[in-house]
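Student: Numbering that gives the first Met the number 0 numbers the first residue of the sequence shown as 0 and each following residue consecutively.
Glycine included, every Cβ here is placed at the ideal spot set by N, Cα and C.
A quick note: this is a predicted structure, and the numbers were derived from the prediction, not measured.
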Amino acid sequence: MDKASQVADRDWLAPSIVLTLMSGAVGILLIPDHSGVVPALAVLPLWMIGAAILGSIYALFAMMSARVESPLACIGAFFVQERRTAAFLTFCVFLAGVNMTTFMWIKPLLNHLIPFWADPLLADIDKAIFFGRDPWTLLTWSNTTAAAIFYHRGWFILMILTLLAVLSAPPSPKKSALMLTYFMLWSVVGPVIHALIPAAGPVFFAQLGYGDRFSELGDVTETREAAAYLWAIYSGGGFGPGSGISAMPSLHVATTAWMITAVHVYSRLWMWPMAIAALATILLSVSLGWHYAVDGVVGAAAALLCYKALHIFYGSRSKPAPRSMMPA
């Protein structure tokens, strides 16, 4: 195979760096209040610590299952003998954290620039899909504190683990497509679709002046406190850390679809556990009031389409050159 046609990690890393820099630049240059810019960076140490802990646990269990005699010594040897690989993985995880941080700058900026108007439309679409019934009314049994904790923290843990697993794989068209899809979801898909269809979500329906259609959503402390924080900053015109309201598309569901795709590509043994976690995330996005069902449909479809298009693109680049063009 012509070496120039082979896929390397730089093929996804370079555009991912560009996307992150562009997203950060837009946020910093256009946001009218920079008070939330620096505090948002506080997520990075937590992100890196979480990735280090989860990565170590994952590696430890993998080596124990493979009956490695001294897993801890093996992990230590990896960082000594494979310093460049360890540095590369660390940089990529850090870049993913920075990318998510820039999204936290962009989201409140979009709230400042574009008023919400799509909530009644999306609620009506949901009702039409579910034969005249709002889908959250079918899921009230799942609106619990434990479910809310899983929806936020469980999803976060699964995303980091999936990211580490994909990053650890050798370069390939599938890896490049998966990694660039991840960055595109946060930097392009989320902001662009929100700009086109700005919606806040059922939990804010009444506060937007659209009535009490969702007033009977369960009052879970985890959800109530997070919603109160987001609404206080939004209604006050502020830009606090972790602020910004956006229902369409559901990036929770979009990244979950990305995780399912990654597991399908690299470890189908884990498909059923991941499918169960994904189904729970999709249902909870509706039952907890953060999203309309159609938000998840659009988010998942966008993730799958991005991956498919990028896989075709990288796959075409990795094909051997015609014999007549091969060097003698």
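Mapping the DSSP letters down to three states, classify W185 as helix, strand or coil.
Tutor: Reduced to three states, the DSSP call for W185 is helix.
Student: Starting from the N-terminal side, write out each stretch of the alpha helix (DSSP H) that is 4 residues or longer and does not extend beyond the stretch 178-235.
Tutor: Correct list: 189-195 and 220-234.
Student: For A320, does the three-state DSSP call read helix, strand or coil?
Tutor: The predicted model places A320 with a pLDDT of 45, which falls under 50 and marks its position as unreliable, so this point remains unresolved.
Student: May I ask you to report which of helix, strand or coil DSSP gives S242?
Tutor: In this structure, S242 counts as coil in the three-state DSSP scheme.
Student: Rank F115, V42 and V191 by C-alpha distance to the C-alpha of S234 and give the top, closest one.
Tutor: Per the Cα distances, F115.
Student: Looking at the structure shown, is Y291 part of a helix, part of a strand, or coil, going by DSSP?
Tutor: DSSP places Y291 in coil when its eight states are reduced to three.
Student: Evaluate W185 with the Cβ neighbour count: other Cβ atoms within 10 Å of its Cβ, from every protein chain shown; 16 or more gives buried, anything less gives exposed.
Tutor: By the neighbour-count rule (16 or more Cβ atoms within 10 Å), W185 is buried.
Student: From I196 to A117, what does the alpha carbon distance come to, in whole angstroms?
Tutor: The alpha-carbon atoms of I196 and A117 are separated by roughly 6 Å.
Student: Kindly list the residues whose CB is nearer than 6 Å to the CB of M270, restricted to its own chain and excluding five residues on each side of it in sequence; keep chain order.
Tutor: Excluding sequence neighbours, M270 sits near V262.
Student: Rounded C-beta distance between L179 and P14? I'm assuming under 8 Å.
Tutor: Contact flag correct, Cβ pair sits at about 6 Å.
Student: Starting from the C-beta of V293, find all residues in its chain whose C-beta is less than 8 Å away, skip the five residues before and the five after it, and write them out in chain order.
Tutor: Closer than 8 Å at the Cβ level, and outside the excluded window around V293, lie L121, I124, D125, I128 and M247.
Student: Can you list, in chain order, the residues of its chain with a C-beta nearer than 6 Å to that of C305? Leave out the 5 residues immediately preceding and following it.
Tutor: So the list reads T180 and M183, once near-sequence residues are dropped.
Student: Comparing C-alpha positions only, which one of T143, V264 and L40 sits nearest to L166?
Tutor: The option with the nearest alpha carbon to L166 is V264.
Student: Sorted by chain position, which residues of the same chain lie with C-beta nearer than 6 Å to L59's C-beta, five sequence neighbours on each side aside?
Tutor: For L59, where only same-chain residues beyond five positions count, the Cβ hits under 6 Å are P70.
Student: Evaluate Y228 with the Cβ neighbour count: other Cβ atoms within 10 Å of its Cβ, from every protein chain shown; 16 or more gives buried, anything less gives exposed.
Tutor: That one is exposed.
Student: Quick check on this structure: which residue in I311, L278, L303 and L309 has the alpha carbon closest to the alpha carbon of L138?
Tutor: The option with the nearest alpha carbon to L138 is L278.
Student: Does the stretch 238-254 come into contact with the stretch 94-108, if we say contact requires no fewer than three beta-carbon pairs (one atom in each stretch) closer than 8 Å?
Tutor: Yes: at least three Cβ pairs fall under 8 Å.
Student: Taking just the CA atoms, how far does T144 sit from V285?
Tutor: Computed Cα separation, rounded: 15 Å.
Student: Measuring CB to CB, does G298 end up less than 8 Å from A253?
Tutor: It is a contact, given that the beta carbons lie within the stated cut-off.
Student: Would you decide whether I192 is buried or exposed? Buried here means 16 or more other CB atoms lie within 10 Å of its CB.
Tutor: Label assigned to I192: buried.
Student: Kindly give me the distance between the Cβ atoms of D8 and Y313, rounded to whole angstroms, as I take these residues to be in contact under 8 Å.
Tutor: Not confirmed; about 11 Å, so no contact.
Student: Relative to the alpha-carbon of I48, which residue among V92, L28, A24 and G295 has its alpha-carbon at the smallest distance?
Tutor: The shortest Cα separation from I48 among V92, L28, A24 and G295 belongs to V92.
Student: With 16 as the cutoff for other CB atoms within 10 Å, does D32 come out buried or exposed?
Tutor: Exposed, since its Cβ has fewer than 16 Cβ neighbours within 10 Å.
Student: Classify Q99: buried if its beta carbon has 16 or more other beta carbons within 10 angstroms, exposed otherwise.
Tutor: One detail in the question is off: residue 99 reads as Met in this sequence, not Gln. The residue is buried, with at least 16 neighbouring Cβ atoms inside 10 Å.
Student: List in chain order: all unbroken alpha helix (DSSP H) runs of 4+ residues lying wholly within the stretch 32-56.
Tutor: As far as the stretch 32-56 is concerned, its whole alpha helix (DSSP H) runs of at least 4 residues are 36-39.
Student: Between I281, V219, D133 and I30, which has its C-alpha nearest I113's C-alpha?
Tutor: The shortest Cα separation from I113 among I281, V219, D133 and I30 belongs to I30.
Student: So, using beta-carbon positions, are I244 and A199 closer together than 8 Å?
Tutor: Yes, they are a contact pair.
Student: With distances taken between CB atoms, is the gap from G131 to V42 smaller than 8 Å?
Tutor: For G131 and V42, no; Cβs fall outside 8 Å.
Student: Under three-state DSSP, which class holds S167?
Tutor: Of the three classes helix, strand and coil, the one that applies to S167 here is helix, per DSSP.
Student: Count the other C-beta atoms from every protein chain shown that fall within 10 angstroms of the C-beta of A39, then say buried if there are 16 or more, exposed otherwise.
Tutor: It is buried - the Cβ of A39 has at least 16 other Cβ atoms within 10 Å.
Student: Is DSSP giving N98 helix, strand or coil here?
Tutor: N98: helix per DSSP, three-state reduction.
Student: Can you list, in chain order, the stretches of the alpha helix (DSSP H) that have 4 or more residues and sit fully within the stretch 126-174?
Tutor: Runs of the alpha helix (DSSP H) inside the stretch 126-174: 144-148 and 154-167.
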